[in-house]
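Residue numbers (the working numbering): 42 to 338.
1. What do you reckon, are the CB atoms on residue 263 and residue 286 nearer than 8 Å?
2. Tell me whether residue 289 sits in a helix, a strand or coil according to DSSP, three-state version.
3. Which same chain residues end up closer than 6 Å to residue 202 when comparing Cβ atoms and leaving out the 5 residues on each side of it in sequence?
4. What's the gap between the Cα of residue 198 and the Cα of residue 211?
5. Here's a check: name, in chain order, each residue in its chain whose Cβ is nearer than 8 Å to the Cβ of residue 136, leaving out the five neighbours to either side.
6. Which residues share a DSSP beta bridge with residue 309?
7. Which of the three DSSP states is assigned to residue 281 in this structure?
8. Measuring alpha carbon to alpha carbon, tell me which of 115, 118, 216, 75 ends up nearest residue 100.
9. If I follow the unbroken alpha helix (DSSP H) through residue 159, where does it start and stop?
10. Can you give, in chain order, each stretch of the alpha helix (DSSP H) that sits fully within the segment 88 to 134 and has at least 4 residues?
11. Opposite residue 68 in the DSSP bridges: which residues?
12. Pull up the distance between the alpha-carbon of residue 213 and that of residue 64, whole angstroms please.
13. Going by other Cβ atoms of all chains shown within 10 Å of its Cβ, with 16 needed for buried, is residue 251 buried or exposed?
14. CA-CA distance, residue 31 and residue 58?
15. Hey, out of 170, 166, 165, 145, whose CA is closest to residue 158's CA?
16. Would you identify the three-state DSSP class for residue 252, choosing helix, strand or coil?
17. Should the segment 283 to 298 be called in touch with the segment 218 to 233, which here means at least 3 C-beta pairs below 8 Å?
18. Kindly indicate the opening and closing residues of the beta strand (DSSP E) around residue 188.
19. Buried or exposed: which applies to residue 293, given that a residue is buried once 16 or more other Cβ atoms fall within 10 Å of its Cβ?
20. Quick one: residues in its chain with C-beta nearer than 7 Å to the C-beta of residue 104, no 5 flanking neighbours on either side, listed in chain order?
21. What's the gap between the Cα of residue 43 and the Cα of residue 237?
22. Under 8 Å, do residue 253 and residue 318 count as touching if we go by C-beta distance?
23. So residue 53 is in the alpha helix (DSSP H); what residue range does that whole segment cover?
24. Hey, how far is the Cα of residue 341 from the Cα of residue 162?
25. Between the C-alpha atoms of residue 81 and residue 259, what's the straight-line distance to the nearest angstrom?
26. Assuming residue 332 and residue 244 are in contact, meaning their beta carbons sit under 8 Å apart, how far apart are those beta carbons, in whole angstroms?
27. Using the C-alpha atoms, what's the distance from residue 308 back to residue 255?
28. Looking at the secondary structure, which residues open and close the alpha helix (DSSP H) in which residue 237 lies?
29. Can the beta-carbon of residue 273 be found less than 8 Å from the beta-carbon of residue 128?
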C-alpha cells in the first residue's frame, strides 16, 4: 500500500494533553529545543481544531518570517521562468504576502472568494482517504510549521511553504481548483485501497509533480516542484514521459529525493481531458482494467 508516513514527523498526544512532534535525529531542527517546542505547540493547534471553527494562529518568530520572505522572493523569480501560465495567474489572483508567513485562516479568506477552497490545519500525516476526500468539498489539509532556519532552502517534510506557495497558488486558479475537486470526488468514490493508491499516484505525478508543454518549452505546475528551490532548476533534465494514466498508476517513486520520472501534459486542456476525465468517472472496476492493461504490456 502506498504510504506517506515517512513524509511527515510522527505526532503523538501525551497523557497530560500535550502534543509531541517526534523529529528524526537527521532532522535539521532535532537539536534545537526552541524550534521543537514551537513545533509541538503548532501541532497542538491542528490536533485541537474542529472543522468550521476559525483556524488558530501560529506564533512565528521574526527569524521564521525572514525565511518565508527569502524563499518567497527566490521562488517568485524562478516561477516567472518555470511555472505554467495558469499557476502564475493563480498566484497573481491570490496575492500572498511575501514579507511574512500568512496564517492559514488568512489564506482561506483570500482563497475562498476566488475558487471556494479553504484550508484545514494538519498536525502531520493525514490518512489518504481523508486528505483527498475533503478536496471534493473545497478543503485542503495543510501543515502550519516552517522549515528550520539553518537550511532555508531545504525541508525533509512538507511545510507551510510547500502547502501554501505550492498548492494555494494553484488552488486560486479555477481550472486547477476544478481538478483538485475531481481528485477528491474520485478518492471518495473508490472503495479498495488499491484503487485509492492508483488515484493518489495520478495526483502525485500531476498536481504534485506535473509538468506541461507551454510556448515551446517545458514548464511546471506541480506543487512539489514549484515549492522546491532546488528541484525547480532540475526538473527539465529528468526522464520526461508522455501523460499516461496506466503508467503513472504503476510507477514507484522515492519521496526522499528529487523526482527523476515526470509526466508531461501537452497543454492544460490535455491535462483536463486525460486526468480530469479519469478522476470524474473512475471507479474500482475501471481502475482494475487500467491496471490489467499495464500488466498485459
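Beta carbons: idealized from backbone N, C-alpha and C, even for Gly.
Nothing here was measured: the structure is a model prediction, and the numbers come from that model.
Considering the structure as presented:
1. The answer is no: Cβ separation not under 8 Å.
2. helix
3. Answer for residue 202: 112, 268, listed in chain order.
4. Near 20 Å, if we compare the C-alpha coordinates of residue 211 and residue 198.
5. 151
6. According to DSSP, which records beta bridges pairwise, residue 309 is partnered with nothing at all.
7. strand
8. 75
9. Here residue 159 belongs to no alpha helix (DSSP H); instead the beta strand (DSSP E) covers 159 to 162.
10. 103 to 123
11. Paired residue(s): none; residue 68 is not in a bridge.
12. 32 Å
13. buried
14. Residue 31 lies beyond the stretch modelled for the chain, which goes from 42 to 338, so this question has no answer here.
15. 145
16. In the three-state reduction of the DSSP assignment, residue 252 falls in the strand class.
17. no
18. It is not in any beta strand (DSSP E) - residue 188 carries neither H nor E in the DSSP assignment.
19. Label assigned to residue 293: exposed.
20. 190
21. Note on residue 43: pLDDT 30, under 50, position unreliable in the model; no value is reported.
22. In this structure, residue 253 sits away from residue 318, with a CB-CB distance that is not shorter than 8 Å.
23. Segment 52 to 54 is the beta strand (DSSP E) holding residue 53; no alpha helix (DSSP H) there.
24. Nothing about residue 341 can be read from this structure; the chain reaches only from 42 to 338.
25. 40 Å
26. The pair is not a contact, with the Cβ atoms about 16 Å apart (cut-off 8 Å).
27. 7 Å
28. 234 to 244
29. The beta carbons of residue 273 and residue 128 sit no closer together than 8 Å.
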